[in-house]
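In this note's numbering, the protein residues as written are -7 to 190. Glycine residues also receive a C-beta, built at the ideal position from the N, C-alpha and C atoms. Read the structure below first, then the notes.
Spelled out as structure tokens, the structure:
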């Protein structure tokens, strides 16, 4: 009898311990990553002031953003980009990174048209994705085709599919919510409102 009671309390303890890990692990990992970023940036500066590194980085990026939006700076940035575009390898890296950043932020965001894509006609298999190009004439591809990007779950990667427009079904949902839903592997409830939204 005593062994059964002990086993019961151990199982209850383990249950709550695992539940506690599930609650704390994401927060702990996030805090650890942020801490490592702070420490790494702080070591680059001659002044040993905690948090100064991230403040400097944010400030420099903001200043560059402001300067880059002025009429005076635009010709300078255009000149620098012109020089970079003449370097074969550097040009490939620079334009790729630039296009990726523009796809997620700024005025010309690309992943803003969430759709459902029919992948297999026989099994009715479908995947969530985002339209990236409606017109593929410059590639010599017919008007009935469209470019769709399908992100991977738990990763910052994905695949580009060229598929007939008839296989595309628009989704009436926020692009940000759909992206979160895909990246999380479908474990979040995108229709669930937060306390601030209720």
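Distance check for residue 8 and residue -2, CA to CA, integer angstroms please.
The count along the chain shown starts at 1 and reaches residue -2 at position 6. The count along the chain shown starts at 1 and reaches residue 8 at position 16. The straight-line gap from Cα to Cα measures roughly 15 Å.
Which class does residue 141 belong to by DSSP, given the choice of helix, strand or coil?
If you number the chain shown from 1, residue 141 lands on position 149. Three-state DSSP puts residue 141 in a strand.
What are the start and end residues of the alpha helix (DSSP H) that includes residue 170?
Reading the chain shown from its first residue, position 178 is the one you call residue 170. Residues 167 to 175.
Where do the ends of the beta strand (DSSP E) carrying residue 112 lie?
Taking the first residue of the chain shown as position 1, residue 112 is located at position 120. Residue 112 -> beta strand (DSSP E) spans 106 to 112.
State yes or no: is the C-beta of residue 107 within less than 8 Å of the C-beta of residue 145?
Mapped onto the chain shown, residue 107 falls at position 115. Mapped onto the chain shown, residue 145 falls at position 153. No, the pair does not count as a contact, with Cβ atoms beyond the cut-off.
Where are the beta strand (DSSP E) runs, 3 residues long or more, that stay fully inside the region -5 to 36, in chain order?
The region -5 to 36 contains no whole beta strand (DSSP E) run of 3 or more residues.
Do residue 124 and residue 141 have their beta-carbon atoms positioned less than 8 Å apart in this structure?
As a first step, residue 141 is located in the chain shown; it is residue number 149 there, counting from the start. As a first step, residue 124 is located in the chain shown; it is residue number 132 there, counting from the start. Yes, Cβ-Cβ distance for residue 141 and residue 124 is below 8 Å.
Rank 152, 119 and 49 by C-alpha distance to the C-alpha of residue 266 and give the top, closest one.
In the structure as shown, the chain starts at -7 and stops at 190, and residue 266 therefore has no counterpart that could be examined.
In the DSSP assignment, the beta strand (DSSP E) including residue 161 goes from what residue to what residue?
Against the chain shown, residue 161 aligns to sequence position 169. 160 to 162 is the extent of the beta strand (DSSP E) around residue 161.
Less than 8 Å separating the beta-carbons of residue 133 and residue 155?
Here residue 133 corresponds to residue number 141 of the chain shown, with the count starting at 1. Here residue 155 corresponds to residue number 163 of the chain shown, with the count starting at 1. Cβ distance not < 8 Å, so residue 133 and residue 155 don't count as in contact.
What does a CB cutoff of less than 8 Å around residue 76 pick up in its chain, not counting 5 residues either side in sequence?
Here residue 76 corresponds to residue number 84 of the chain shown, with the count starting at 1. Here the set comprises 82, 83 and 86.
Pick helix, strand or coil for residue 119, following the three-state DSSP scheme.
In the chain shown, residue 119 corresponds to position 127, counting from 1. Strand.
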